[in-house]
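**Q** Residue numbers (my numbering): 2 to 347.
The beta carbon of each residue, even a glycine, is placed where N, CA and C say it ideally should be.
Please read all numbers here as calculations on a predicted model, not as lab measurements.
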């Protein structure tokens, strides 16, 4: 392929062969440096895929493309039968840009990059991506496997009904298991708000809102086997039940990357934001929904920290992009701030 979406038929033929020979794969796709995107989805790859994509029983494949049309990014989903006869096509605006995704940014020529579990944005189910840069281009080709399919695969290979098989990352986080549910537990059902006619019209016209979701900031915002979890996710689920607003989650990027994506309009909402003068002008903020005290985590056996002056001259690790960094550097310059990649990096 070239560095844009010029040869869709050739890509589809290659991807069809890949997915037919590997039925565990959910999708194969290519992201291009100009933001174009071409994906072939295998509707028979696992439980939940067909329902999530609103496909009919006779549908076998979905071709999903993202391109800029008349200055606007558009997503097209085309539904085909097993002979690639088109049944229907759906078109909608989108802010999806493959070049902002970790699988694209970390891909290299000749080396397969594997992501940790995260939520596939178009499917809204968790999985993992294997990606490699196409030699001689800036395009990246990738394969997706849903964790539900992987769990089904493990379940089918358990030696007996009482056996359990689990896959873990090196840090101990669960990837998939033969009896591991991959769907989130929903919050309690709540009563719908009595909206005015104007409010109902606003909700009806509102698009699906994309929300940032961090991987490792419990209890507010984290993931289990790629599924967004936490207080913020539960709160938005309740708001969705009460109002009819719809939310899709994006996880995988770091917090600084999410902030850039928000500024560029590639996500609609930043969840779990600490309000300060630095981010107050970037968007409309909600009223605080939790007040969390700030603490210091020290090694076992280290002296107890009761006063901030005890941190003078010390190296203090804080996830990159967190609002408190600027506050400490302005008011307590004697503290040596060391930025790390997320909470797990500390």
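Please return the same chain residues whose Cβ sits closer than 8 Å to the Cβ of residue 60, not counting the five positions on each side in sequence.
**A** Sequence index remark: in the chain shown, residue 60 carries index 59 (1-based). So the qualifying residues of the chain are 44, 51, 80, 81, 82 and 88.
**Q** Compare the C-alpha of residue 191 against each of 291, 143, 211 and 245 and name the closest.
**A** The sequence position of residue 191 within the chain shown is 190, counting from 1. With respect to the C-alpha of residue 191, the residue from 291, 143, 211 and 245 having the closest C-alpha is 245.
**Q** What's the gap between the Cα of residue 37 and the Cα of residue 68?
**A** For the purposes of this step, residue 37 is identified with residue 36 of the chain shown, where counting begins at 1. For the purposes of this step, residue 68 is identified with residue 67 of the chain shown, where counting begins at 1. Cα to Cα, residue 37 sits roughly 5 Å from residue 68.
**Q** Short check: CB of residue 218 to CB of residue 273, under 8 Å?
**A** Start at 1 with the first residue of the chain shown, and residue 218 comes out as number 217. Start at 1 with the first residue of the chain shown, and residue 273 comes out as number 272. Result yes, Cβ atoms of residue 218 and residue 273 sit closer than 8 Å.
**Q** How many Å lie between residue 317 and residue 216 at the Cα?
**A** For the purposes of this step, residue 317 is taken as residue 316 along the chain shown, with counting starting at 1. For the purposes of this step, residue 216 is taken as residue 215 along the chain shown, with counting starting at 1. Each residue's Cα considered, the two are about 21 Å apart.
**Q** Assign residue 127 to one of two classes, buried (16 or more other C-beta atoms within 10 Å of its C-beta) or exposed (fewer than that).
**A** Residue mapping note: residue 127 aligns to position 126 of the chain shown, counting from 1. Buried, by the Cβ-count rule.
**Q** Are three or more beta carbon pairs between the stretch 192–212 and the stretch 245–256 nearer than 8 Å?
**A** These segments touch.
**Q** On the CB-based measure, 16 or more other CB atoms within 10 Å of its CB, does residue 113 come out buried or exposed?
**A** Residue 113 sits at position 112 when you count from the first residue of the chain shown. Answer is exposed; the Cβ neighbour count stays below 16.
**Q** Beta-carbon within less than 8 Å of residue 193's beta-carbon, same chain only, minus the 5 sequence neighbours each way: which residues are those?
**A** Locating residue 193 in the chain shown gives position 192, where the first residue counts as 1. Around residue 193: 242, 243, 244 and 245.
**Q** Relative to the alpha-carbon of residue 1, which residue among 232, 220, 237 and 198 has its alpha-carbon at the smallest distance?
**A** Since the first and last residues shown for the chain are 2 and 347, residue 1 lies out of range.
**Q** Return the chain-ordered ranges of every alpha helix (DSSP H) run that is complete within the stretch 24–84 and spans a minimum of 4 residues.
**A** Scanning the stretch 24–84 for uninterrupted alpha helix (DSSP H) segments of 4 residues or longer gives 50–53, listed from N- to C-terminal end.
**Q** Out of 34, 118 and 123, state which residue places its alpha-carbon closest to the alpha-carbon of residue 40.
**A** One-based indexing of the chain shown puts residue 40 at position 39. Ranking 34, 118 and 123 by Cα distance to residue 40 puts 123 first.
**Q** Can you grab the Cα-Cα spacing for the pair residue 300 / residue 347, in whole Å?
**A** Residue mapping note: residue 300 aligns to position 299 of the chain shown, counting from 1. Residue mapping note: residue 347 aligns to position 346 of the chain shown, counting from 1. The straight-line gap from Cα to Cα measures roughly 11 Å.
**Q** Buried or exposed, going by whether 16 or more other CB atoms sit within 10 Å of the CB of residue 320?
**A** Within the chain shown, the letter at position 319 stands for residue 320. Label assigned to residue 320: buried.
**Q** Taking 7 Å as the limit between beta carbons, can you name the residues of its chain near residue 116, skipping five residues before and five after?
**A** Within the chain shown, the letter at position 115 stands for residue 116. Excluding sequence neighbours, residue 116 sits near 103, 104, 129, 130 and 253.
**Q** How about the stretch 21–29 and the stretch 139–147: do they share at least three Cβ pairs that are nearer than 8 Å?
**A** yes
**Q** For residue 275 and residue 22, I'd like the C-alpha separation in whole angstroms.
**A** Taking the first residue of the chain shown as position 1, residue 275 is located at position 274. Taking the first residue of the chain shown as position 1, residue 22 is located at position 21. So the two alpha carbons sit approximately 48 Å from each other.
**Q** Could you give the uninterrupted runs of the alpha helix (DSSP H) lying entirely in the stretch 219–265, keeping only those of 4 residues or more?
**A** Qualifying alpha helix (DSSP H) stretches, in chain order: 232–244 and 256–264.
**Q** Run through DSSP, which three-state label would residue 349 get?
**A** The structure shown does not extend to residue 349, since the chain spans only 2 to 347, so no value can be given for it.
**Q** Of the choices 214, 220 and 294, whose alpha-carbon is the least far from that of residue 255?
**A** On the chain shown, position 254 is the one that residue 255 refers to. Ranking 214, 220 and 294 by Cα distance to residue 255 puts 214 first.
**Q** Give the range of the alpha helix (DSSP H) segment to which residue 327 is assigned.
**A** To locate residue 327, count along the chain shown from 1; it is residue 326. First-last of the alpha helix (DSSP H) with residue 327: 325–332.
**Q** What does DSSP give as the partner residue(s) for residue 132 in the beta ladder?
**A** Position 131 of the chain shown holds residue 132. 114 and 143, per the DSSP bridge assignment.
**Q** In terms of residues, what are the limits of the beta strand (DSSP E) holding residue 345?
**A** One-based indexing of the chain shown puts residue 345 at position 344. Here residue 345 belongs to no beta strand (DSSP E), and DSSP marks it neither H nor E.
**Q** Buried or exposed: which applies to residue 119, given that a residue is buried once 16 or more other Cβ atoms fall within 10 Å of its Cβ?
**A** The residue labelled residue 119 in the question sits at position 118 within the chain shown. So residue 119 ends up on the buried side.
**Q** With a threshold of 16 other CB atoms inside 10 Å of the CB of residue 151, please say whether the residue is buried or exposed.
**A** Here residue 151 refers to the residue found at position 150 when the chain shown is read from its first residue. Result: buried.
**Q** Measure the C-alpha to C-alpha separation of residue 294 and residue 308 and round it to an integer number of angstroms.
**A** Working through the chain shown from its first residue, we reach residue 294 at position 293. Working through the chain shown from its first residue, we reach residue 308 at position 307. Looking at the two C-alpha atoms, the distance is approximately 14 Å.
**Q** Strictly under 8 Å for the Cβ-Cβ distance: is residue 77 near chain B by that measure?
**A** Among the chains in the structure shown there is no chain B, since it carries only a single protein chain.
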